[in-house]
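The sequence shown begins at 14 in the working numbering and counts up by one. Note that CB positions come from ideal geometry on N, CA and C, so glycine has one too. A quick write-up on the structure given underneath.
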Amino acid sequence: KTAKEFAADFKYLGSPAAARLNALKEAGEAANGAWVVTEYIPETPQVEKLAQEYKAEYKDDMDPFALWIYDGFNILVEGLKLAKGDAKGVKATIVAKKQFEAVMRKFDFDARGDGHRSVNVCKIENEKLSIVKTVDVKR
């Protein structure tokens with residue numbers, strides 16, 4: 014928003030924080046044309062359903078990044094169940110299990126515990142994120 018106010022003549026490439034719902038609301042029209050790299054958030058019926066349920070319950074739009082917390086919490090709970098409450102065994106249990114069913118996608122984890130390897134390159138148009146490309150990050 015500040016760049017537009019000062020008539021800066023450059024393309025803005027923002028971090029995931031620039032794509033947060035509250036940042037988009039604050040920037041308004043000034044956000045249009047900006048580019049951001051965000052955590053991978055798919056556009057699927059499951060995500061849309063959760064967003065509608067959230068809006069019905071809280072009378073506000075769900076910040077899409079809340080999906081990471083939602084899915085992460087549910088994976089942790091599943092890991093605790095599989096480890097039968099053994100806190101030390103949770104990581105090993107999560108790493109060993111393949112294809113955790115989550116809202117965003119099916120997750121599996123490597124030996125380091127990394128389970129996410131994609132990012133979205135987005136352009137902000139009409140004050141909303143528009144996914145231009147999803148990039149799979151390889152180690």
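Report the partner residues of residue i according to the DSSP bridge assignment.
{"i": "Asn-133", "result": "Thr-51 and Thr-147"}
{"i": "Lys-119", "result": "Glu-114"}
{"i": "Leu-142", "result": "Ile-137"}
{"i": "Leu-26", "result": "Trp-48"}
If you follow the alpha helix (DSSP H) that residue i is part of, which residue opens it and which one closes it?
{"i": "Ala-40", "result": "34-40"}
{"i": "Phe-86", "result": "79-95"}
Are residue i and residue j closer than 7 angstroms when you measure CB to CB?
{"i": "Leu-89", "j": "Thr-106", "result": "no"}
{"i": "Val-145", "j": "Val-50", "result": "no"}
{"i": "Trp-48", "j": "Leu-26", "result": "yes"}
{"i": "Leu-80", "j": "Met-117", "result": "yes"}
{"i": "Phe-115", "j": "Asp-84", "result": "In the sequence as presented, Phe is not what sits at residue 115; that position holds Ala. Yes."}
{"i": "Leu-93", "j": "Val-103", "result": "yes"}
{"i": "Asp-121", "j": "Gln-112", "result": "yes"}
Going by DSSP in three states, residue i sits in which element: helix, strand or coil?
{"i": "Glu-56", "result": "coil"}
{"i": "Gly-102", "result": "helix"}
{"i": "Lys-62", "result": "helix"}
{"i": "Lys-68", "result": "helix"}
{"i": "Ala-31", "result": "helix"}
{"i": "Ala-43", "result": "helix"}
Output yes if chain D places a C-beta closer than 7 angstroms to the C-beta of residue i; else output no.
{"i": "Thr-51", "result": "Looking at the structure shown, chain D is missing, and only one protein chain is on hand."}
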